[in-house]
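I have placed the structure first, in the form of structure tokens, so that the comments after it can refer back to it.
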Amino acid sequence: MKKIAKIFKIKLILTWRWHLSYLKVESYAECNIHTSPSPGIQVRHVYTPSTTKHFSPIKQSTTLTNKHRGNEVSTTPLLAHSLSIHQLAAQGEMLYLATRIEQENVINHTDEEGFTPLMWAAAHGQIAVVEFLLQNLPHPKRNRNKNTPSPVGEGCLEALQSLIHMEYGLVYEGADPQLLGKGRESALSLACSKGYTDIVKMLLDCGVDVNEYDWNGGTPLLYAVHGNHVKCVKMLLENGADPTIETDSGYNSMDLAVALGYRSVQQVIESHLLKLLQNIKE
């Protein structure tokens, strides 16, 4: 009975995909989709809950100069030692980050929104920081395939680890990639919303839940689809992401891709659904 229900659900999604392509649901207002109003990092928001809370409280680094913003006159940036552990992670300041972690034991310390340094690094695309924070964790998938290269480069990471160990004598456990923010935001969903494929792969290799949802029904796959991140969508589907999960607004990943006109993402999801249907029939 479950098998029949699964086949029906997949067929329904595929049929609805063609129906949606003829509907005028391309605007964000009609799709019930918004982006964060933050002047900094724009992590897109897949749904519109009744509350006013947005997906990402992360703002652009406070150490950016006016010149970086396009102005001629620049201001003196803050010293690295005056930054919070989360700002250090977001900016890629690994030496300062490592010393703070050792001195204060704050590798999994959360900010007011429940975000950890790992989540900040993932949201800002800091590949080297993410790998550095995860370095002492078991990597189930990576251990099964020892030929999997490091996104940073094993030589570079080992050299950095040696430098930090010699200079500061630091040895610590890796950050916990399973921790969630107050709204159930995850490092994986943050990375997926921006399409940081290397970071997504590292987190998946650590065994995080690929279908982790936040309080409004957003999943890593839905965020990747909304951002039109094709490679990220494909990677998530290959690692067990469920394309039938819906947001609180009633949109699944295919609905969202069609509504936004993301043809490449549609093709990836459709191909995956057809394979699932074929496997179920067999």
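Read left to right, the sequence shown gives residues -23 to -1, 1 to 259 (mature numbering (1 follows the signal peptide of the UniProt record, and there is no 0)). For every residue, glycine included, the Cβ atom is placed at its ideal position computed from N, Cα and C.
Considering only residues of the same chain and omitting the five flanking positions on each side of residue i, which have a CB-CB separation below 6 angstroms?
i    : result
E189 : S163
D153 : N85
D191 : G160, R161, E162
H249 : L214
N216 : L181, V187
P220 : S230, I246
Y173 : G102
L60  : none
Under 8 angstroms by Cβ, that's how I've got residue i and residue j pegged, so tell me the actual separation to the nearest angstrom.
i           : j    : result
Q103        : G158 : Q103 to G158, Cβ: 17 angstroms. No contact.
residue 282 : L198 : Missing from the structure shown is residue 282; the chain here goes from -23 to 259 and no further.
A218        : L167 : Contact flag wrong, Cβ pair sits at about 16 angstroms.
V202        : L233 : 5 angstroms
Under 7 angstroms Cβ to Cβ from residue i, same chain only, skipping five residues before and after it: list those, please.
i    : result
T87  : T93
M71  : A105, V106, F109, L137
G194 : Y24, E223, T224, D225
V207 : S241, V242, V245
W97  : I35, H63, A66, A67
C209 : C169, G172, T174, V177, A201
Residue range of the alpha helix (DSSP H) that residue i falls in?
i    : result
E215 : 207 to 215
D182 : 174 to 182
S230 : 230 to 237
E70  : E70 -> no alpha helix (DSSP H), and no H or E assigned at all.
Y200 : 197 to 203
W97  : 94 to 100
V107 : 104 to 111
Taking its Cβ as the centre, do 16 or more other Cβ atoms sit within 10 Å of residue i, making it buried, or is it exposed?
i    : result
E108 : buried
Q80  : exposed
Q243 : buried
K178 : buried
S241 : exposed
N64  : Sequence inspection shows Gln at residue 64; the Asn mentioned does not correspond to that position. Flag for Q64 reads buried.
G238 : exposed
L214 : buried
I10  : Only weak support exists for where I10 lies, its pLDDT of 40 falling under 50; the coordinates are left without a value.
K211 : buried
L251 : exposed
Only counting the same chain, and skipping five residues up and downstream in sequence, which positions put a Cβ closer than 8 angstroms to that of residue i?
i    : result
V83  : I62, R77, P94
V185 : P154, Q155, S163, A164, L165
Which one or two residues does DSSP pair with residue i in a beta bridge?
i    : result
L157 : S163
Using a Cβ cut-off of 9 angstroms (strictly closer), state whether residue i contacts chain D.
i   : result
Y73 : Among the protein chains of the structure shown there is no chain D, as only one such chain exists.
Flag residue i as yes when its Cβ comes closer than 8 angstroms to any non-hydrogen atom of the ligand SAH, and as no otherwise.
i    : result
L157 : Judged by which ligands are present, the structure shown has none, so any question about the ligand SAH falls away.
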